[in-house]
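Chains as they are written, first to last, in this note's numbering: chain A, 1 to 263; chain B, 264 to 557.
Glycine included, each C-beta is placed from N, C-alpha and C at the ideal position.
Heads up: the structure comes next, in structure tokens.
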Amino acid sequence: MTRAGDLWRFPGTRAAAFAVLAYLYLPIIVLVVLSFNASDSSLARWEGFSTHWYAVAAADGNMVHSIEISLTVACIATSIGTVVATLAALATARTRFRGRIAVEAFLALPLVIPDIVAAIAILLFFVMVGIQLGLLSLILAHTVFTIPIAYLPIRARLEGLDPALAEAAADLYATPWQSLRRIILPLIWPGILSGAMLAFIGSLGDVVVSYFISGPGSTTLPVYVFSMVRMGVTPTVNAVSTLLIAASASLLTLSYLLGRRFN
Amino acid sequence: MSNVRQRAGLLTPAMAVIGVLLVLPLCLMAFVSTLERGPDGGVIWSRHTLDPYVQFLFERDLMDRLVLNTDYLQIFARSIGLATTTAVLTLVIAFPIALWMAFQPPQRRTFLLFVVTVPFWTNLLVRNYAWILLLRNGGVFDRLAQSTGLTHEPLNVLYSPLATGIGLVYSFLPFMILPIYVSLEKLDRRLIEAAFDLGANRWHALTRIILPLSMPGIVGGLILVFVPCLGAFVTPALLGGGKSLMIGSLIQQQFGQSRNWPFGAALAFVLLALIVFALVLHALRYRRLAGRLT
């Protein structure tokens with residue numbers, strides 16, 4: 001790197017990179033700024049700082065209810081999905097077995113299939129089996145999608161584990177269960193936590209699947225916002241969107257800091 | 264033996280959830296696509312017909328003859344075209360930043376990776392909504408263009424295929440940056456050093472060494488962008504308006520206003536088949552590529 005240091009810099013890529021970063025963040029920043037705009041037309045004209053629209057959002061009973069639904073669904077689906085994904089990762093990481101690629105492809109399926117196809121397939125299934133569209137159907141469907149999201153970081157963490165640790169535990173007469181509980185789980189918990197956080201963000205952000213399977217009275221926040229946006233732009237949507245951004249960004253930052261501290 | 268049983272036990276819950284709640288429903292969807300539509304929506308479970316697939320290609324004229332109807336094919340072609348354009352555009356935008364990121368010091372690399380993933384994990388709906396604020400008449404770009412004297416008429420970008428394209432490129436850009444970055448980061452630096460030692464300039468090192476070796480990442484990125492784009496539903500619904508129908512919105516209509524579930528299932532099945540076809544093509548190509556490299 002030292003001698004050829006200058007050659008590694010490809011001219012223009014630095015400027016291009018900063019332009020792309022600006023492009024990625026510009027819409028988000030504009031949205032956040034406009035959510036504090038006092039103007040009631042939510043046009044691009046700045047009329048002073050105000051948190052008025054947050055108050056309006058908090059006073060909207062339907063919206064508050066949809067936030068409760070979203071959080072309930074995300075918490076339960078994430079808990080189930082993370083446990084199930086951890087078990088699966090324990091089975092697939094650091095070993096080779098016949099059919100491993102097939103198993104991993106199967107586990108990744110929820111992320112590969114376009115969400116609209118998955119959504120209508122699950123809708124048809126619920127209708128046929130007779131599960132009422134509501135909280136239960138939302139939790140079941142969201143659990144499917146949290147599994148692969150949580151699985152990947154947990155497995156990555158397991159892959160990075162020194163195999164000698166588990167071997168040493170076995171040499172010292174630890175049962176597999178003891179070795180799992182005392183050695184492996186304490187070492188991979190940052191991976192589990194970051195997997196769970198990503199799964200939570202994924203569940204909280206889902207629009208398409210929830211749109212098809214949320215019944216009357218069990219609308220999730222994104223579905224509620226989706227219907228609001230289709231009716232027109234309102235400053236309240238800016239405020240709620242900013243809250244959603246803040247939620248996912250803070251969880252993500254937490255997961256990033258965890259990863260940096262423990263790697 | 265106990266090892267195998269243990270592994271099976273650990274894998275069962277995950278595979279059962281996905282099997283029962285996703286794979287089984289997909290099979291059911293294929294089944295529904297061969298059923299007759301019920302008189303008031305829904306389906307008749309006992310009556311089979313291929314009408315949904317016939318409806319995809321033909322319509323009946325006044326004499327009750329089947330005539331070719333390309334309306335739905337056009338919607339599919341338009342969606343495929345838009346997904347392809349989006350994939351190529353994201354590649355052009357993503358490659359320079361991925362290249363730049365890959366050659367940064369390790370500490371900064373992790374940070375940059377984080378910076379790129381934050382928008383990716385931001386709610387898709389919110390990201391698309393933000394573009395409404397930017398693109399609509401009287402919105403940020405419109406005011407900017409008018410106040411700088413660039414134009415005196417409204418921009419009229421929102422609710423057009425162009426807006427859908429902008430939204431799709433924006434939504435899926437991280438899907439392209441990440442795999443390219445990963446393949447560039449893994450790339451054996453000594454190969455590039457060797458190229459420089461042998462008198463290659465930057466352009467040659469880029470086109471002869473870096474680009475070919477990052478092919479797996481590029482192809483992976485193209486697939487990761489193309490597949491969800493093809494079935495995109497939120498972006499066309501919010502930014503595209505109702506004028507240019509895409510596959511996703513067409514499928515949704517069958518479960519909304521049209522209440523034609525078998526046709527909706529058939530459309531979804533055709534979409535799924537298209538994607539499986541693209542993935543198989545990728546797998547075959549990748550195998551050939553891997554064979555050539557080793």
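query, result
"Evaluate contact between the stretch 404-412 of chain B and the stretch 226-234 of chain A, counting only Cβ atoms and requiring at least three cross-stretch pairs below 8 Å.", "no"
"Give me the subset of the stretch 376-398 of chain B whose CB atoms are less than 8 Å from a CB atom of chain A, sorted by chain position.", "Phe377, Val378, Val379, Thr380, Val381, Pro382, Trp384, Thr385, Asn386, Leu387, Leu388, Val389, Arg390, Tyr392, Ala393, Trp394, Ile395, Leu396 and Leu397"
"Closer than 7 Å by beta-carbon distance: list the chain A residues that pair up with methionine 292(B), in chain order.", "Ile120, Ala121 and Leu124"
"Could you tell me whether the Cβ atoms of alanine 529(B) and serine 512(B) are closer together than 8 Å?", "no"
"With respect to the alpha helix (DSSP H) encompassing isoleucine 510(B), which residues constitute its N-terminal and C-terminal limits?", "510-518"
"Please tell me whether glutamate 448(B) and alanine 340(B) are closer than 8 Å, where the distance is taken between their beta carbons.", "no"
"Can you list, in chain order, the residues of its chain with a C-beta nearer than 8 Å to that of leucine 313(B)? Leave out the 5 residues immediately preceding and following it.", "Thr297"
"Would isoleucine 101(A) be called buried (16 or more neighbouring beta carbons within 10 Å of its own) or exposed?", "exposed"
"Distance cutoff 8 Å, beta carbons only. Does serine 218(A) sit that close to anything in chain B?", "no"
"Please report the distance separating the alpha-carbon of aspartate 460(B) from that of arginine 471(B).", "14 Å"
"May I ask which residues mark the beginning and end of the alpha helix (DSSP H) holding valine 229(A)?", "221-231"
"What is the C-beta distance between asparagine 62(A) and tyrosine 256(A), in whole angstroms, given that I count them as a contact (C-beta under 8 Å)?", "About 34 Å; that fails the 8 Å criterion."
"At the level of alpha carbons, what is the spacing between asparagine 464(B) and glutamate 456(B)?", "11 Å"
"If I follow the unbroken alpha helix (DSSP H) through histidine 311(B), where does it start and stop?", "Segment 306-311 is the beta strand (DSSP E) holding histidine 311(B); no alpha helix (DSSP H) there."
"Contact defined as beta carbons within less than 8 Å: I believe phenylalanine 106(A) pairs with isoleucine 307(B). What is the distance between those atoms, to the nearest angstrom?", "Not really, about 33 Å apart at Cβ, beyond 8 Å."
"Taking 8 Å as the threshold (C-beta atoms), are valine 379(B) and isoleucine 443(B) in contact?", "no"
"Starting from leucine 487(B), follow the beta strand (DSSP E) in both directions and report where the run begins and ends.", "Segment 478-493 is the alpha helix (DSSP H) holding leucine 487(B); no beta strand (DSSP E) there."
"Among residues of its own chain, excluding the 5 on either side of threonine 557(B), which ones have a beta-carbon nearer than 7 Å to its beta-carbon?", "A caution first: threonine 557(B) carries a pLDDT of 47, below 50, which makes its placement in the model unreliable, though a value can still be read off. Result list for threonine 557(B): empty, nothing under 7 Å."
"When DSSP labels each residue in this structure, what does phenylalanine 339(B) get in the three-state scheme?", "helix"
"For the stretch 183-191 of chain A against the stretch 155-169 of chain A, do three or more pairs of beta-carbon atoms, one drawn from each stretch, fall closer than 8 Å, so that the two count as touching?", "yes"
"Which residues in the same chain as valine 31(A) place their Cβ atom closer than 8 Å to its Cβ, once the five residues preceding and following it in sequence are excluded?", "In the sequence as presented, valine is not what sits at residue 31(A); that position holds leucine. Correct list, in chain order: Asn238, Ser241, Thr242 and Ile245."
"Please name the residue in Ser137(A), Gln132(A), Leu138(A) and Thr95(A) whose C-alpha comes closest to that of arginine 270(B).", "Thr95(A)"
"Between which two residues does the beta strand (DSSP E) carrying arginine 300(B) extend?", "298-300"
"Looking at the secondary structure, which residues open and close the alpha helix (DSSP H) in which leucine 331(B) lies?", "Taken as a continuous stretch (DSSP letters only), leucine 331(B) belongs to no alpha helix (DSSP H), being part of the beta strand (DSSP E) at 329-331."
"Inspect the CB distances between the stretch 290-304 of chain B and the stretch 272-281 of chain B and report whether three or more fall short of 8 Å.", "no"
"Nearest to isoleucine 120(A) by CA position, among Ser214(A), Asp162(A) and Thr220(A), is which residue?", "Ser214(A)"
"Threonine 414(B) versus chain A: which residues are under 8 Å apart at the beta carbon?", "Going along chain A, no residue has its Cβ under 8 Å from threonine 414(B), so there is no contact; the nearest lies around 15 Å."
"DSSP three-state label for phenylalanine 145(A), please.", "helix"
"How would you list, in chain order, the residues of chain A whose beta-carbon sits under 7 Å from the beta-carbon of isoleucine 514(B)?", "Ile116 and Ile120"
"Considering only the beta carbon of each residue, do threonine 385(B) and isoleucine 28(A) sit closer than 8 Å?", "yes"
"For the beta strand (DSSP E) containing glutamate 322(B), list its first residue and its last residue.", "321-323"
"Report the partner residues of asparagine 400(B) according to the DSSP bridge assignment.", "Looking at the DSSP assignment, asparagine 400(B) forms no beta bridge with any residue, so it has no partner."
"Are valine 127(A) and alanine 531(B) touching if we call contact CB-CB under 8 Å?", "no"
"Looking only at C-alpha atoms, which of Thr353(B), Gly494(B), Arg323(B) and Leu376(B) sits nearest to tryptophan 363(B)?", "Leu376(B)"
"Do you know how far the Cα of arginine 182(A) is from the Cα of proline 525(B)?", "53 Å"
"What is the rounded straight-line gap between the Cα of alanine 393(B) and the Cα of leucine 502(B)?", "10 Å"
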